[in-house]
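Student: Numbering (the numbering used here), first residue to last: 3 to 406.
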């Protein structure tokens with residue numbers, strides 16, 4: 003099945019890359035080095051060479067890393083390195099072709115604070131940046147006034163909604179595995195979901211399906227009302243912290259601050275479901291509590307009044323199991339490939355924008371033809387059906403994408 007899905011992704015991505023066509027540019031890619039990346043990177047290579055591939059340290063699948071090192075120049079800096087603007091500027095400048103324009107594809111907004119400096123260092127060769135995540139999108143919004151090039155974000159795309167919902171499910175899967183390894187079932191534990199965006203909603207519904215009492219808190223009052231109308235308990239944040247055994251951060255920023263820690267229920271577990279390690283004030287935790295390692299991936303924080311636990315070092319918990327969400331991830335990856343064309347179209351504009359609605363709808367239509375169309379009784383587990391559908395529809399879809 004794994005080989006079969008790889009073949010489908012290859013066909014899907016190749017078709018889109020061929021729409022963009024060969025370009026006289028180069029790529030710098032900062033991404034998770036998981037086992038779904040090779041097909042995406044191969045497709046990008048059909049457009050232009052990847053001069054530098056940067057692996058995010060908390061999401062490196064060793065066999066995938068070793069495979070990619072045979073084809074691409076790979077760097078695996080520490081998380082501290084990625085937060086070091088001077089280091090990241092030098093890493094890019096020292097590893098690319100100085101005579102070719104460069105497009106950066108990234109996850110997490112690491113380049114947002116240094117894009118202007120990097121543009122100067124590269125002598126104006128930075129054509130644009132493509133960002134994947136909500137946390138990264140917010141970072142580029144913060145630095146909007148200093149952007150030296152166009153930035154295309156897919157973080158708020160309709161195509162991302164399905165992925166983000168499944169990210170929530172994958173976080174609960176990884177959490178449950180860790181708890182069961184310790185001999186504790188997830189069912190029945192009281193849970194608090196901080197953030198009721200796309201990922202938070204997925205987390206809340208996955209917990210509900212496992213018979214956990216779920217409370218939700220979001221700083222956005224409209225989202226709190228949405229959670230209430232969808233059947234979840236909505237409490238004052240600090241009251242919710244005192245009552246919850248599991249606390250899931252899904253905001254993309256710091257959801258539990260130093261002021262919140264005294265209210266955390268004794269024995270509670272903190273679990274991050276967003277990118278990077280920003281959900282909890284980790285520095286404050288390590289400075290003000292005694293830290294013990296309980297088991298692989300679980301730390302205990304204690305002082306004279308309180309004890310609680312942190313799972314996965316405060317990093318996205320789903321990456322412990324490869325963050326598997328299946329073929330729907332290909333939708334957003336396809337949008338990233340297509341966004342290269344939009345970067346070329348927007349040269350010289352210092353703006354933050356998205357791909358067009360028409361392009362996204364066409365990519366979704368193409369995905370259904372490639373991976374399966376339920377209206378015709380076909381799923382991506384039906385090999386013969388998919389092959390027939392792909393052969394019949396590739397040509398027409400390519401034409402529609404060119405129009406978009």
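Just so you know, even glycine gets a beta-carbon here, dropped at the ideal spot from N, CA and C.
Have a look at residue 23 and residue 336 and give me their C-alpha separation to the nearest angstrom.
Tutor: If you take the alpha carbons of residue 23 and residue 336, they lie about 14 Å apart.
Student: Excluding five sequence neighbours on each side, which residues of the same chain lie with their C-beta closer than 7 Å to the C-beta of residue 204?
Tutor: Cβ within range, chain order: 166, 167, 168, 169, 170 and 171.
Student: Taking DSSP as the reference, what is the three-state secondary structure of residue 164?
Tutor: Reduced to three states, the DSSP call for residue 164 is helix.
Student: Going by alpha carbons, who is nearest to residue 289 out of 369, 342 and 260?
Tutor: Checked all of 369, 342 and 260; the closest Cα to residue 289 is 260.
Student: Count Cβ pairs between the region 271-281 and the region 233-253 that sit closer than 8 Å; are there 3 or more?
Tutor: Yes, since at least three Cβ pairs between the region 271-281 and the region 233-253 fall closer than 8 Å, the two stretches touch.
Student: Any idea if residue 52 is buried or exposed, counting beta-carbon neighbours within 10 angstroms, 16 or more meaning buried?
Tutor: With 16 or more Cβ atoms within 10 Å of its Cβ, residue 52 is classed as buried.
Student: Which of the three DSSP states, helix, strand or coil, is assigned to residue 223?
Tutor: Residue 223: helix per DSSP, three-state reduction.
Student: On the criterion of 16 or more Cβ atoms from any shown chain inside 10 Å, does residue 362 qualify as buried, or is it exposed?
Tutor: Its Cβ being crowded by 16 or more others within 10 Å, residue 362 is buried.
Student: What's the call for residue 147, buried or exposed, on a 16-neighbour Cβ count within 10 Å?
Tutor: With fewer than 16 other Cβ atoms within 10 Å, it is exposed.
Student: Any idea what DSSP makes of residue 280, helix, strand or coil?
Tutor: DSSP places residue 280 in coil when its eight states are reduced to three.
Student: Indicate whether residue 155 and residue 145 have their beta-carbon atoms separated by less than 8 Å.
Tutor: Cβ atoms of residue 155 and residue 145: not closer than 8 Å.
Student: Could you tell me whether the region 260-269 touches the region 295-309, using the rule of 3 or more Cβ pairs below 8 Å?
Tutor: Output reads yes: the region 295-309 touches the region 260-269.
Student: Identify every residue that forms a DSSP beta bridge with residue 28.
Tutor: In the DSSP output, where bridge partners are listed per residue, residue 28 has 104.
Student: Could you have a look at residue 389 and say whether DSSP puts it in helix, strand or coil?
Tutor: Bear in mind that a pLDDT of 33 at residue 389, under 50, signals an unreliable position, so the number given afterwards is only what the model happens to contain. Note: residue 389 maps to helix in three-state DSSP.
Student: Roughly how many angstroms lie between the CA atoms of residue 230 and residue 220, to the nearest whole one?
Tutor: So the alpha carbons of these two residues sit roughly 11 Å apart.
Student: In the DSSP output, which residue or residues are listed as bridge partners for residue 217?
Tutor: DSSP lists 194 and 235 as partners of residue 217.
Student: From which residue to which residue does the alpha helix (DSSP H) around residue 373 run?
Tutor: Residues 359-373.
Student: Go to residue 201, then tell me how far its alpha helix (DSSP H) extends in each direction, as first and last residue.
Tutor: Here the alpha helix (DSSP H) through residue 201 covers 200-211.
Student: Quick one: Cα of residue 41 to Cα of residue 105, how far?
Tutor: Cα-Cα distance, rounded: 19 Å.
Student: Between the alpha carbons of residue 32 and residue 137, how many angstroms are there, rounded?
Tutor: One C-alpha to the other measures close to 15 Å.
Student: Taking the beta carbon of residue 100 as the centre, do at least 16 other beta carbons fall within 10 Å, making it buried, or is it exposed?
Tutor: When all chains shown are included, residue 100 counts as exposed.
Student: Find the nearest neighbour of residue 294 within the set 279, 35 and 312, judged by alpha-carbon distance.
Tutor: That would be 312, whose Cα lies nearest to the Cα of residue 294.
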